[in-house]
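This report concerns only the one structure given below.
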C-alpha cells in the first residue's frame, strides 16, 4: 500500500500576472518503508512539494493522498492530524536551547496523550541511545556539536514512531562525516520500524542511502 | 517537575525557557519590579495624603457630632447656636454634651518671632473631646488662664517647642496674646492647618475675643455606655432642627475624607503616576516577550509542524507573562514595604501596607503583564512552518 499518492498535482504562487507555476502535473507514489530522495536544482519546487505532502501548505488542484487522507482542499484539522503522524527534520536543528536533549525529544511525545511523564522520558532516552547520544542525554544544544544536535532532532522526529518522515536538507549545516552519519542513523531506524522517508537534498554524498531518487526540474519530475 | 498535567505543558515550557536565560529574566523582573514599586509608592502617597489631609476628626472622641449643614470641612466650620446642642440633653441616652470651638489663629515662633497660622481647638477640659495621652495630668493646668497644649507633629516652622518648654521658655503669643504652653500632644497636620493647639473654652474666648461662646463649631454628644448610637442619632435628628446635621464618628471621618478627595486634585496626579508606571512596565515586558518569540520562531514553527496548535503557543507567551508578573511583584512588594517604612519615618504620615493594597497592586501588575503578552502574541503569526523549509 502506498503511504503517499500524488496524482496530477499543480501548484502556483501568486495571482494574475505575478502567478508563478511551481509544480506541474506531478505524479508520485511512495510505498511503505521506502526511502526516497528528492533532488534537483534550487527553485525546482522540491521544497514546495515536501511542504504540501507534510500538510504544511494547502494545494487546490489534483490529488494528494497521504496516510489515506486527501490533502487537496482539506480542512486544517485533517492536515494537523496528518502532521501528528509525520516526523519533520529541518536544515537547522530547531531545538529549544533551554531544554536538554531528553526534554527536546519529549516535546514530540507531549503532543500525544498516550504516555506518562516516566514513559516519555524512557522513550526519549531509548531513541537518543539509538542515535548514539546515550552519554549526552541531559546536555543542552549549546553543549553539543552540530552533528549531535542534528541527531537529537532526528530522535525527536522518530520518537513517536511516525509513519512518514520528511527531511529538508538535513545535512546542509553538517560536515561530510557527521552528515553521512546522521542520515545513516536515520535510514537504519527507519528500516527497523518500516518508516517511509522522503528527503529533499542537494547533497550528492548521501544519495547512496536512498531506495529511489527522484529528480525534479522546473516543477516537473524527470 | 514530574507529573505535570498536559494542560500545563505550555506553562512548563514557558518556565524552562524563562529560567534558562538568566540575564533576560533579570531584566524582565527588574522591569516589573520597577512598575510595581512605582504603583505601590503612588498609591501609598495618595492614601497617606488623604489620610493626613483628613486627619482632623480622627482623634475626636464622642459618639455623635453636630455640625452646621453649611459646614463643608472641619477646618472652616459654620457656627451654630449652643442651645441647639443643649436640646440633646433631652434624650435619656445622652450622658453629656460638650461644645467644641475651633478657629485658625496666629502662633508666634519664640525664636524668629514670625507668626504662622495653625488650628486652635477650645473646649471644657473636664471633657476629653480630643484624644491626648495623659490628658488628666494637663487638666488642671489647662483650666488656668492663658494656657495651652502644643501639637508636636506640627510643622517645624513653629519652633522646637518641646525642647523650648523643657528649657523653661514656654511663653509665646497666640493672636497677639501671651499664652503659656503647659505641655505637648500628638495630633497630626492637615492641608488646612500646619499645626494644632488645644486650650480651654475660656482661653479660646480670650484669644478670640470676638467669638461668642454661644456660637459653637462642633457639638459633641457623649452617650451613656451601651447606648444604641443609631437610635440616638435618629432621635437627635428630630430634636435639633433644620440647620444642623448629626453624624456618627465614622460618618464624620468619611465627611472629612470626601471633602479632600473632591477638592484636592490628588486622585488625578497619583492616578497618572500609576498609569505611567504600568505603561513603562508593560513596554518592558512586551519588548522581552516579543524578542523572545522572535528568537524562537524556528522552534515554535517546528512545534506547529509537529501538530501543536496556535493556542499552545499563545499559552506559552501568557504563562511567561504571568511568571514575570509574579517574579517582579514579590521583590517589588518587599522593596515597597521597606520604602513605606522609610517614608513613614521621614514624613510622619502613616503608610500602611494593607492586604487590600497588595491585592489591588498585584491585580494591576498581572493585568499589565497579560496585556504585554496579548500584544506580543501577534508576533506568533510569523510562525508558519511552511517557511521553515527553505
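Protein chains in written order, with the numbering used here: chain A, 1 to 222; chain B, 1001 to 1390.
Ideal placement from N, C-alpha and C gives every residue a C-beta, glycine not left out.
- In chain B, no part has a C-beta under 7 angstroms from the C-beta of residue 127(A); the shortest such distance is about 15 angstroms.
- Cβ neighbours of residue 91(A) within its own chain (closer than 8 angstroms, five residues either side excluded): 168, 169, 170, 172, 173.
- Judged by DSSP in its simplified three-state form, residue 1248(B) adopts strand.
- For residue 1305(B), the CB contacts under 6 angstroms within the same chain, skipping 5 residues up- and downstream, are 1385 in chain order.
- Nearest CB-CB separation between residue 203(A) and chain B: not below the 8 angstroms threshold.
- Judged by DSSP secondary structure, residue 1282(B) falls outside any beta strand (DSSP E) and instead within the alpha helix (DSSP H) spanning 1266-1295.
- Distance from the Cα of residue 190(A) is smallest, within the candidate group 51(A), 32(A), 62(A), for 32(A).
- A Cβ-Cβ contact shorter than 8 angstroms links residue 1130(B) with residue 1060(B).
- Put simply, the segment 1223-1243 of chain B touches the segment 1062-1071 of chain B. At least three CB pairs are less than 8 angstroms apart.
- Between the alpha carbons of residue 1313(B) and residue 110(A) lies a gap of roughly 14 angstroms.
- Residue 1034(B) places its beta carbon less than 8 angstroms from that of residue 1281(B).
- Contact annotation: in the segment 1273-1290 of chain B, no residue has its CB less than 7 angstroms from a CB in chain A.
- Within chain B, the residues 1006 have their CB atoms less than 7 angstroms from the CB of residue 113(A), given in chain order.
- The segment 1088-1103 of chain B and the segment 1113-1132 of chain B touch, with no fewer than 3 CB-CB distances between them shorter than 8 angstroms.
- Only those residues of the segment 66-92 of chain A whose C-beta falls short of 7 angstroms from the nearest C-beta of chain B are listed: 80, 83, 84, 88, 90, 91, 92.
- Taking one beta carbon from each stretch, the segment 149-163 of chain A and the segment 194-201 of chain A have 3 or more pairs nearer than 8 angstroms; the two touch.
- Residue 1314(B) does not reach chain A, its nearest Cβ partner there being about 16 angstroms away, counting only Cβ pairs nearer than 7 angstroms.
- For residue 1009(B), a Cβ of chain A is located within less than 8 angstroms of the residue's own Cβ.
- Selection 211(A), 217(A), 222(A), 183(A) evaluated against residue 205(A) yields 183(A) as nearest (Cα-Cα).
- At a Cβ-Cβ threshold of 8 angstroms, residue 1180(B) and residue 1124(B) do not count as neighbours.
- Counting along the chain, residue 142(A) sits inside no alpha helix (DSSP H), nor does DSSP assign it H or E at all.
- Cβ-Cβ separation between residue 1336(B) and residue 1036(B): approximately 7 angstroms, consistent with a contact (criterion under 8 angstroms).
- Distance between residue 1387(B) and residue 1293(B), taken at the CA atoms: about 16 angstroms.
- For residue 120(A), the enclosing alpha helix (DSSP H) stretches over residues 117-130.
- Check the Cα spacing between residue 1080(B) and each of 1243(B), 1300(B), 1326(B), 1321(B): the tightest is with 1243(B).
- Interface residue (Cβ-Cβ distance to chain A less than 8 angstroms): residue 1023(B) is not classified as such.
- Taking 7 angstroms as the cut-off between beta carbons, none of the residues of the segment 14-27 of chain A comes near chain B.
- Taking the C-beta atoms as reference points, residue 1015(B) is found no nearer than 8 angstroms to residue 1249(B).
- Annotation for residue 1205(B): the continuous alpha helix (DSSP H) segment containing it runs 1201-1207.
- Excluding its 5 nearest sequence neighbours in each direction, residue 1011(B) has C-beta neighbours in its own chain below 6 angstroms: 1319, listed in chain order.
- Close to chain A, meaning a Cβ-Cβ distance shorter than 7 angstroms, is no residue of the segment 1187-1205 of chain B at all.
- By alpha-carbon distance to residue 1287(B), the top candidate from 1006(B), 1160(B), 1024(B), 1017(B) is 1024(B).
- Contact annotation, residue 1082(B) with residue 1194(B): C-beta distance approximately 29 angstroms; criterion of less than 8 angstroms not satisfied.
- Following the DSSP letters along the chain, one finds residue 217(A) inside the beta strand (DSSP E) bounded by residues 212-217.
- Residue 1160(B) and residue 1031(B) have their C-alpha atoms spaced approximately 44 angstroms apart.
- Here residue 112(A) is exposed: its Cβ has fewer than 16 other Cβ atoms, across all protein chains shown, within 10 Å.
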